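So for the sequence shown, our numbering puts the first residue at 128; every next one is plus one.
Glycine residues also receive a C-beta, built at the ideal position from the N, C-alpha and C atoms.
Every value quoted in this text rests on a predicted model; they were computed, and no experiment measured them.
Comments concern the structure below.
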Amino acid sequence: MDNIHNITCPNCQHQFDVEQALSGKIQQKLKADFEKEKIRLDQSIAAKEAALKAQTLAFEEKKKKENEIFKEKLSQAIGQKESELKKVIQGDFELKIKAQQEELERRTKQVMKLKDAEIELEKTKRLMQEQAKDIELKLQKQMQEEILAKEELIKKRVQESAELKLKEKDKMLEDQKKLIEEMKRKSEQGSMQLQGEVQELAIEEFLQTHFPFDLIEEIKKGARGGDCVQVVQTRDNANCGKIYYESKRTKEFQPAWIEKFKTDIRRIGADVGVLVTQAYPKNMTSMGQLNGIWICSFREFKSLCFVLRDSIIKIAGVKASNLNKGDKMELLYNYMTSNEFKLQVEGIVEGFTQMQNDLQKEKNAMQKIWNQREKQIQKVLHNTKGMYGSIKGLAGNAIGTIDSLELGS
128 MDNIHNITCP
138 NCQHQFDVEQ
148 ALSGKIQQKL
158 KADFEKEKIR
168 LDQSIAAKEA
178 ALKAQTLAFE
188 EKKKKENEIF
198 KEKLSQAIGQ
208 KESELKKVIQ
218 GDFELKIKAQ
228 QEELERRTKQ
238 VMKLKDAEIE
248 LEKTKRLMQE
258 QAKDIELKLQ
268 KQMQEEILAK
278 EELIKKRVQE
288 SAELKLKEKD
298 KMLEDQKKLI
308 EEMKRKSEQG
318 SMQLQGEVQE
328 LAIEEFLQTH
338 FPFDLIEEIK
348 KGARGGDCVQ
358 VVQTRDNANC
368 GKIYYESKRT
378 KEFQPAWIEK
388 FKTDIRRIGA
398 DVGVLVTQAY
408 PKNMTSMGQL
418 NGIWICSFRE
428 FKSLCFVLRD
438 SIIKIAGVKA
448 SNLNKGDKME
458 LLYNYMTSNE
468 FKLQVEGIVE
478 GFTQMQNDLQ
488 KEKNAMQKIW
498 NQREKQIQKV
508 LHNTKGMYGS
518 IKGLAGNAIG
528 TIDSLELGS
């Protein structure tokens, strides 16, 4: 069996194993084929790696460009959005500030006018008081001089006459006392009348200043009735109605004024009567109605006249649009004379009185509003920074840095 696999060389007679010989050649051939395949595979792998590297470089370049474009667009979008927000907020803020400033200036002017009027009234009041005091001092001096002269005359007559002359002297002294009392009474009446005239003029001036469209008619001294009539007029209606004003500036309220004033109101055909007085009736400490007549102080008059005028204009409008509708007018009249309407008017007047106090409060509130607007702007910037941080957290360093939105900016 071994000789089958052995071959003898005819030249050198050397024997060798056929299988080994064939195996060696096969191995050499396989090795050569393997080396060729390996070289081919290495070349293929190298080519694929080069292609992959080129693709990777192209992808990175494309990614870089796209990131730059995205970063630029994002920066532009954020800048545009921030600019739009700032414009909207700034515009709204400026409009509101302008409106508040205009309202503040308007109310400040009103307050200044009221203060100027009060100062002028106070000056007039002091002047009248000084004049009244001067008149009183002159009268007292004159009376004292007359008394001294008469006493001197009486003393001389007493020395020259008998008991009858003494009685005449006593009578003359008594007459002089009565004369002094009468002169004092007339002096006080003159001072009170002067004060009343000052308030009458102040009422007329206030009405003429604040209601230039209305007709303010003065009641002449000595005529029957109140002090002035306000004929309410609008652009559409030349005579909406009449408000009758009477001024009283005495130390005590006289109940008889009410009935007399109501008679005067009916006589002149006025719609509303207002009694401006320094002294209130019993059981009244502030503005209110008494037997259909509005009673108020001069300070309350400044608010009440606006409310009553507005009510008369509304009633005139209802009359014009509801002719021949007696039931509605009766209901309206009942409402105007009801306690509910009285309470509403008092509430409105209190609101007018509170306006001056509110003006100062609004000044303080303006500072608070400015602080709130500043906080709102800071909130918008804070949210913009938050949005920028979130996007940058997702995209990483691919998002470029925006200095105005970075920490510490």
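Residue range of the beta strand (DSSP E) that residue i falls in?
| i | result |
| --- | --- |
| Lys369 | 368–375 |
| Glu345 | 342–345 |
So is residue i buried or exposed if we call it buried at 16+ other beta carbons inside 10 Å?
| i | result |
| --- | --- |
| Leu168 | exposed |
| Thr183 | exposed |
| Glu427 | buried |
| Gln269 | exposed |
| Ile370 | buried |
| Val445 | exposed |
| Ile153 | exposed |
| Asp160 | exposed |
| Ser430 | buried |
| Phe186 | exposed |
| Ser171 | exposed |
| Ala350 | Below a pLDDT of 50, predicted positions are generally treated as unreliable, and Ala350, at 47, falls in that range; the measurement from the model is reported next regardless. With fewer than 16 other Cβ atoms within 10 Å, it is exposed. |
| Leu435 | buried |
| Ile196 | exposed |
| Ser438 | buried |
| Met414 | buried |
| Ala177 | exposed |
| Glu245 | exposed |
| Asp354 | buried |
| Glu327 | buried |
| Ile166 | exposed |
| Cys139 | exposed |
| Gln357 | buried |
| Pro137 | exposed |
| Phe380 | buried |
| Ala181 | exposed |
| Val89 | Any answer about residue 89 is impossible in this case: the structure gives the chain only from 128 up to 536. |
| Glu513 | Note on identity: in this sequence residue 513 is Gly, with Glu being the wrong assignment. By the neighbour-count rule (16 or more Cβ atoms within 10 Å), Gly513 is not buried but exposed. |
| Gly419 | exposed |
| Gly368 | buried |
| Ala397 | buried |
| Thr135 | exposed |
According to DSSP, is residue i helix, strand or coil?
| i | result |
| --- | --- |
| Thr361 | coil |
| Gln142 | strand |
| Gly317 | Any reading at Gly317 needs caution, since the residue's pLDDT is 46, under 50, leaving its predicted position unreliable; the model's value is listed next. Helix at Gly317. |
| Val238 | helix |
| Gly349 | The pLDDT assigned to Gly349 is 49, lower than 50, so where the model puts this residue is not dependable, and the model offers no usable value. |
Please give the ranges of any alpha helix (DSSP H) in the region 382–462, keeping only runs that are unbroken, at least 4 residues long and fully inside the region. 383–395, 425–448
Validate contact between the region 409–424 and the region 324–342 using beta carbons, cut 8 Å, 3 pairs: no
Please confirm if the region 500–507 is in contact with the region 211–227, defined as three or more CB-CB distances below 8 Å between the two stretches. yes
Stretch pair the region 223–233 + the region 488–500: three plus CB contacts closer than 8 Å: yes
Validate contact between the region 415–427 and the region 337–346 using beta carbons, cut 8 Å, 3 pairs: no
The region 386–405 / the region 360–378 touching (three or more Cβ pairs under 8 Å): yes
With three or more beta-carbon pairs closer than 8 Å as the criterion, would you say the region 380–394 touches the region 360–367? no
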